[in-house]
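Residue numbers (the working numbering): 19 to 142. Every residue gets a Cβ at the ideal spot worked out from N, C-alpha and C, and that includes glycine. Keep in mind that this is a model prediction, so the values were computed, not measured. Encoded as structure tokens, the structure appears first; notes follow it.
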Amino acid sequence: MNDVLKPDAVAQQATKAKPDWRTKEARAARRAKTATVPSVTCGEQPSPSAFIEQLWVGPKVHAAAVAVAQAQAVRNSVARKLDGGSLAVTADDLTRLDRALTEAKLRLGELSPEHADALIPALS
19 MNDVLKPDAV AQQATKAKPD WRTKEARAAR RAKTATVPSV TCGEQPSPSA FIEQLWVGPK
79 VHAAAVAVAQ AQAVRNSVAR KLDGGSLAVT ADDLTRLDRA LTEAKLRLGE LSPEHADALI
139 PALS
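This is how it looks when you write it as structure tokens:
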């Protein structure tokens with residue numbers, strides 16, 4: 019008859035559109051969706067120690083990676099200040115921080131060349 023929805027019907031449709039993530043079913047569905055499943059080849063189960071060894075890095079590598087992250091954060095902050103027209107920092111500060119970031123990445127490259135943030139020195 020009439021395709022016009024009453025206000026109560028519109029409100030009911032709006033509440034049905036979004037599932038509430040706080041419900042038990044929604045949380046379980048999200049966990050199942052984001053769960054990682056180990057790859058199994060030929061019926062072998064991966065050993066937990068091999069997985070832990072793959073994730074574990076030494077304290078020196080961890081400290082070097084943290085130093086790279088800190089240097090990158092400071093460098094990005096100064097770059098944003100310069101882009102915004104701030105007179106509190108200069109281009110010389112940015113150059114100094116670029117050098118510090120490169121040195122931190124080289125130190126990380128010496129300790130762990132396979133790290134994503136590492137720089138490996140050129141062979142001469």
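- Item | Rounded distance between the beta-carbons of residue 129 and residue 86, thought under 8 Å | 11 Å between Cβ atoms; not a contact.
- Item | Helix, strand or coil at residue 58 according to DSSP, with G and I counted as helix | Summary for residue 58: the model assigns pLDDT 49, below 50, so the residue's position carries little reliability; its value from the coordinates is reported in the next sentence. Residue state, collapsed to three classes: coil.
- Can you tell me the Cα-Cα spacing of residue 89 and residue 102, whole angstroms? 20 Å
- Task: Mark residue 58 as exposed unless 16 or more other C-beta atoms lie within 10 angstroms of its C-beta, in which case mark it buried.
- Result: Note that residue 58 scores 49 on pLDDT, short of 50, meaning its location in the model is unreliable and no value can be drawn from it.
- According to the neighbour-count rule (16 or more other Cβ atoms, all chains shown, within 10 Å of its Cβ), is residue 114 buried or exposed? exposed
- Task: Have a look at residue 76 and residue 83 and give me their C-alpha separation to the nearest angstrom.
- Result: 11 Å
- Task: Taking residue 121 as part of the alpha helix (DSSP H), name the residues at either end of that continuous run.
- Result: 109–129
- Item | Same chain, Cβ closer than 8 Å to residue 126, five either side skipped, listed in chain order | 79, 82, 83, 85, 86, 133, 135, 136, 137
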